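Residues 5 to 362 (my numbering) are what the sequence shown spells out, left to right.
See structure below.
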Amino acid sequence: NSANSKSRYVNSVSRYLGLGYEGGYILPVDDKEQVNQMFRESLYRSITATSSWDVPSTSVYSKIYRKPKLGLGISFVNFNNEEIGRPITIFGFTEVPITRPLARWYFSYGVGLGLGMGFHHYDKDGNPGNIAIGSSVNAYLEANFHAGYRLSQDFMLSVASGYRHYSNGSTKQPNAGINIIPLQLSLKYQTRKFSYDTQTTPLPGYQKNFAYTIYNSVGMKQLEIDGPMVYKNLTGFNAGYQFSYKYRPVLGFDIIYTSGASERVSGEASSFSKSFSYGPYAGWEWFLTDRIYIPFYFGVYLHRNYENDETNQFFQRLGIRYLFLANKQLSAGVGLRTHFGQADFVEFNLGYTFRHHK
Numbered sequence: 005n006s007a008n009s010k011s012r013y014v015n016s017v018s019r020y021l022g023l024g025y026e027g028g029y030i031l032p033v034d035d036k037e038q039v040n041q042m043f044r045e046s047l048y049r050s051i052t053a054t055s056s057w058d059v060p061s062t063s064v065y066s067k068i069y070r071k072p073k074l075g076l077g078i079s080f081v082n083f084n085n086e087e088i089g090r091p092i093t094i095f096g097f098t099e100v101p102i103t104r105p106l107a108r109w110y111f112s113y114g115v116g117l118g119l120g121m122g123f124h125h126y127d128k129d130g131n132p133g134n135i136a137i138g139s140s141v142n143a144y145l146e147a148n149f150h151a152g153y154r155l156s157q158d159f160m161l162s163v164a165s166g167y168r169h170y171s172n173g174s175t176k177q178p179n180a181g182i183n184i185i186p187l188q189l190s191l192k193y194q195t196r197k198f199s200y201d202t203q204t205t206p207l208p209g210y211q212k213n214f215a216y217t218i219y220n221s222v223g224m225k226q227l228e229i230d231g232p233m234v235y236k237n238l239t240g241f242n243a244g245y246q247f248s249y250k251y252r253p254v255l256g257f258d259i260i261y262t263s264g265a266s267e268r269v270s271g272e273a274s275s276f277s278k279s280f281s282y283g284p285y286a287g288w289e290w291f292l293t294d295r296i297y298i299p300f301y302f303g304v305y306l307h308r309n310y311e312n313d314e315t316n317q318f319f320q321r322l323g324i325r326y327l328f329l330a331n332k333q334l335s336a337g338v339g340l341r342t343h344f345g346q347a348d349f350v351e352f353n354l355g356y357t358f359r360h361h362k
């Protein structure tokens, strides 16, 4: 009977308004003492306003993630350092509950992506002290973990920490980037309630599959201050096994071309060797819906060129992809390739996936 049934969400959408105050520690950058000195003289603070809403329960992913939230936010940031400025950040985000939404204590996690605008960027005449950021507009990435307490039916208080990153993807030098470990206190007001029914719909079993993807990414970067732009092209493939609605581990291989390297890279190596780098990687692809997923790859170079700004033996790639077509085989997205927090380039990606079901 209904009294013994497990409740589930009906297709209603709750809405929330939030206000948060945040401080944090700016992480130092390897081998850049002048940048680190500027960071030590800075004090990161921000005030953030958000609007968020529940994902409708018509999707199977709404059930899997306990009805997650999507939202938009704006942050007013102050580094207390005129060399960096007081940027405004506009971003979108997702918040995924770990506990039941109506629990008095609740926990959640999420990620966000946006743009930070209004940085006081490096200028050799007007602002020579800022050798961390070379552009007034920078990409913004965030990851969050929330611990909250429901003060009443409408108000929720939470503490959050995680990671913040500002970078222009090396499209304009200097680009040491700004990496922050934050601590945020926020208050959220629920402006519209969700409702329940008492019928349980079982989650359909996932059809496990092997996936094989070929892809190509393009981007541009500047290797040195006031230097020319160089073209980057990344071609690769990976093979993965998707064992659930959420996750697909993969193994892959990247080949990266950098324009102008035959004249720039020293030594007696061939033009091919100077222009191309390559290496394998292991990765994890996290599916937010049946069409949107976040890839994270960690790789190691078998061959690299220091003069192409490949300064570390290891590389990472983080992005977001959207699957097109009825069969979801064509993908497009954007991502950031890095060397342990040091941006390599922003990549615009196209891929095609072949699947084999078990």
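Yeah, the Cβ is synthetic: ideal placement off N, Cα and C, and Gly gets one too.
Note that the structure is predicted; figures quoted are calculated from it, not measured.
- request: Would you identify the three-state DSSP class for Asn183, choosing helix, strand or coil?
  value: Here residue 183 refers to the residue found at position 179 of the sequence shown. Asn183 falls in the strand class under three-state DSSP.
message: If you reduce the DSSP assignment to three classes, tell me which class Tyr297 lands in.
response: Along the sequence shown, one-based indexing puts residue 297 at 293. It is a strand residue.
message: According to DSSP, simplified to helix, strand and coil, what is Gly75?
response: Translated into positions along the sequence shown, residue 75 becomes position 71. Strand.
query: Helix, strand or coil for Leu21 per DSSP?
result: Position 17 of the sequence shown holds residue 21. If DSSP states are grouped into helix, strand and coil, Leu21 belongs with the strands.
Best match in Tyr69, Arg196 and Lys73 for proximity to Val59 [C-alpha to C-alpha]: Sequence index remark: in the sequence shown, residue 59 carries index 55 (1-based). Comparing Cα-Cα distances from Val59 to each of Tyr69, Arg196 and Lys73, the minimum goes to Lys73.
- prompt: Exposed or buried, which one is His361 when buried takes at least 16 other CB atoms within 10 Å?
  reply: Working through the sequence shown from its first residue, we reach residue 361 at position 357. So His361 counts as exposed.
message: Classify Ser270: buried if its beta carbon has 16 or more other beta carbons within 10 angstroms, exposed otherwise.
response: Residue mapping note: residue 270 aligns to position 266 of the sequence shown, counting from 1. By the 10 Å Cβ count, Ser270 comes out exposed.
- prompt: Based on the DSSP secondary-structure assignment, which residues constitute the bridge partners of Thr52?
  reply: Start at 1 with the first residue of the sequence shown, and residue 52 comes out as number 48. According to DSSP, which records beta bridges pairwise, Thr52 is partnered with Gly24 and Ser79.
message: Taking DSSP's pairing of strands, which residues face Ser162 in a bridge?
response: Within the sequence shown, numbered from 1, the residue matching residue 162 stands at position 158. In DSSP, Ser162 forms a bridge with Gly152 and Ser190.
- prompt: Going straight from the alpha carbon of Phe319 to that of Ser174, what length do you get?
  reply: The residue given as residue 319 occupies position 315 in the sequence shown. The residue given as residue 174 occupies position 170 in the sequence shown. Distance between the alpha carbons of Phe319 and Ser174 is about 15 Å.
task: Go to Phe257, then tell me how far its beta strand (DSSP E) extends in each direction, as first and last residue.
output: Sequence index remark: in the sequence shown, residue 257 carries index 253 (1-based). From DSSP, the beta strand (DSSP E) with Phe257 extends over Tyr251 to Thr262.
Other residues of its chain near Lys36: CB distance less than 7 Å, five sequence neighbours each side excluded: Sequence index remark: in the sequence shown, residue 36 carries index 32 (1-based). So the qualifying residues of the chain are Ala180.
query: If you run the structure through DSSP and keep just helix, strand and coil, what is Gln320?
result: Position 316 of the sequence shown holds residue 320. The answer is strand: DSSP assigns Gln320 an E or B state.
- request: Could you check how far apart the C-beta atoms of Gly75 and Ser55 are, in whole angstroms? I think they sit under 8 Å.
  value: The sequence position of residue 75 within the sequence shown is 71, counting from 1. The sequence position of residue 55 within the sequence shown is 51, counting from 1. That belief holds up - the Cβ atoms of Gly75 and Ser55 are roughly 6 Å apart, short of 8 Å.
message: Rounded to whole angstroms, what is the Cα-Cα separation between Gly283 and Thr239?
response: The residue you call residue 283 lines up with position 279 of the sequence shown. The residue you call residue 239 lines up with position 235 of the sequence shown. Distance between the alpha carbons of Gly283 and Thr239: 11 Å.
- request: Compute the Euclidean distance between the alpha carbons of Leu255 and Ile298, then round it to the nearest angstrom.
  value: Position 251 of the sequence shown, counting from 1, holds the residue named residue 255. Position 294 of the sequence shown, counting from 1, holds the residue named residue 298. In a straight line, the C-alpha of Leu255 is about 15 Å away from that of Ile298.
- request: Report the residue from Glu146, Gly89 and Thr293 whose alpha carbon sits nearest the alpha carbon of Ser139.
  value: Locating residue 139 in the sequence shown gives position 135, where the first residue counts as 1. Comparing Cα positions, the closest option is Gly89.
- prompt: What is the rounded straight-line gap between the Cα of Thr342 and the Cα of Pro178?
  reply: For this step, residue 342 is matched to residue 338 along the sequence shown. For this step, residue 178 is matched to residue 174 along the sequence shown. Rounded to the nearest angstrom, the two C-alpha atoms are 15 Å apart.
Exposure of Tyr52, with buried meaning 16 or more beta-carbon neighbours within 10 Å: Along the sequence shown, one-based indexing puts residue 52 at 48. With the sequence shown as reference, residue 52 is identified as Thr, and Tyr is not the correct amino acid for it. So Thr52 counts as buried.
field: Inter-residue CB distance, Leu31 and Asn172 (contact presumed, cutoff 8 Å)
entry: Numbered from its first residue, the sequence shown carries residue 31 at position 27. Numbered from its first residue, the sequence shown carries residue 172 at position 168. Not confirmed; about 17 Å, so no contact.
- prompt: Per DSSP, which one or two residues make a beta bridge with His169?
  reply: The sequence position of residue 169 within the sequence shown is 165, counting from 1. Answer is Leu145 and Asn183.
message: Going by DSSP in three states, Asn85 sits in which element: helix, strand or coil?
response: Counting from 1 along the sequence shown, the entry for residue 85 is found at position 81. If DSSP states are grouped into helix, strand and coil, Asn85 belongs with coil.
task: For Ile260, count neighbouring C-beta atoms within 10 Å of its own C-beta (all shown protein chains included) and say buried if the count is 16 or more, exposed if not.
output: Counting from one through the sequence shown, the residue named residue 260 turns up at place 256. The residue is buried, with at least 16 neighbouring Cβ atoms inside 10 Å.
message: Let me see if you follow: with CB-CB separation under 7 Å, is His307 close to chain C or not?
response: In summary, chain C is missing from the structure at hand, where a single protein chain is found.
- prompt: What does Ala286 pair with, by DSSP beta-bridge criteria?
  reply: Start at 1 with the first residue of the sequence shown, and residue 286 comes out as number 282. DSSP lists Leu255 and Phe302 as partners of Ala286.
query: Taking just the CA atoms, how far does Tyr326 sit from Phe214?
result: If you number the sequence shown from 1, residue 214 lands on position 210. If you number the sequence shown from 1, residue 326 lands on position 322. For Phe214 and Tyr326, the distance between alpha carbons rounds to 19 Å.
field: Residue closest to Asn242, alpha-carbon to alpha-carbon, out of Gly303, Leu187, Arg104 and His125
entry: As a working mapping, residue 242 is identified with position 238 in the sequence shown. Selected option, being the one with the closest Cα: Gly303.
query: Are three or more beta carbon pairs between the stretch 152-159 and the stretch 122-138 nearer than 8 Å?
result: no
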